[in-house]
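Mapping of the sequence shown onto our numbering: residues -19 to 132, in sequence order.
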Amino acid sequence: MKRILPIIIATLSLSVAFAADTHDHKPAAGPSGGRVIEIEGGHAEFFIQPDRKVRVTILDEANKPIAPGGQRITAIAEAPGGKARLTFGRTAEAFVSETALPDGDGYRIVLQIRATESTKPQNTRIDYNPAICEGCKHPEYACTCTGEGHAH
């Protein structure tokens, strides 16, 4: 019995952990209503401005914007008309793409963030859909709704 009990406890623990990971997790929206993504050392908000330029804001633990550090950011928009590479300039509050996203929507954006010039890049894939979700009122690319009744 002494050998069986630890095996049962370990099996149950793994089952609970696996069940918790199979739920549909949606990230929280950022302060501007954009998508919050995890980055090395914290998190950032991915937001598409009305002029279709991409803004990436580094956030503190309270979801407040902080001045950009030594991060390097690029993106590739996989638009129907072909791939477009976006480069980012640094402002006092965020990184902003120097050009707008290509026309259209319904395509993937691959965001690449390097914590420093020499570190390995972290890629995040975002399905770009600017339509407003009826449930959470955020753009679909930043939707925070969860549950079976919500289809995307």
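A virtual CB, placed ideally from N, CA and C, is assigned to each residue, including glycine.
Only a predicted model underlies this, so the values are computations on that prediction, with no experimental measurement involved.
Inter-residue spacing [alpha-carbon to alpha-carbon] between residue i and residue j
i: Asp83; j: Gly62; result: 11 Å
i: Glu58; j: Gly21; result: 27 Å
i: Tyr121; j: Ala80; result: 17 Å
i: Thr104; j: Ile28; result: 15 Å
i: Leu66; j: Ile17; result: 18 Å
i: Pro119; j: Gly13; result: 8 Å
i: Lys133; j: Gly69; result: Within the shown structure, residues of the chain are numbered from -19 to 132, placing residue 133 beyond reach of any answer.
i: Ala166; j: Ala24; result: Nothing about residue 166 can be reported from this structure: the residues present for the chain run from -19 to 132 only.
Residues bridged to residue i (per DSSP)
i: Arg35; result: Phe27, Val76
i: Gly22; result: Ile19
i: Pro45; result: Leu39
Contact belief for residue i with residue j at Cβ below 8 Å, rounded distance in angstroms
i: Ile106; j: Arg15; result: 6 Å
i: Ala8; j: Thr124; result: 6 Å
i: Pro60; j: Pro11; result: Not quite, the Cβ-Cβ distance comes to about 31 Å (not below 8 Å), so this is no contact.
i: Pro30; j: Ile38; result: Pro30 to Ile38, Cβ: 21 Å. No contact.
At 3 residues or longer, what runs of the beta strand (DSSP E) sit wholly inside the region 55 to 111? Entirely contained in the region 55 to 111, the beta strand (DSSP E) runs reaching 3 residues are, in chain order, 62 to 70, 75 to 77, 87 to 94, 102 to 108.
Pair every Cβ in the region 103 to 111 with every Cβ in the region 69 to 78, then say whether three or more of these pairs are closer than 8 Å. With a cut-off of 8 Å, the region 69 to 78 and the region 103 to 111 do not count as touching, because too few Cβ pairs lie within range.
Are the region 81 to 100 and the region 41 to 53 in contact at 8 Å, needing three or more beta carbon pairs? With the cut-off at 8 Å, the region 81 to 100 and the region 41 to 53 touch.
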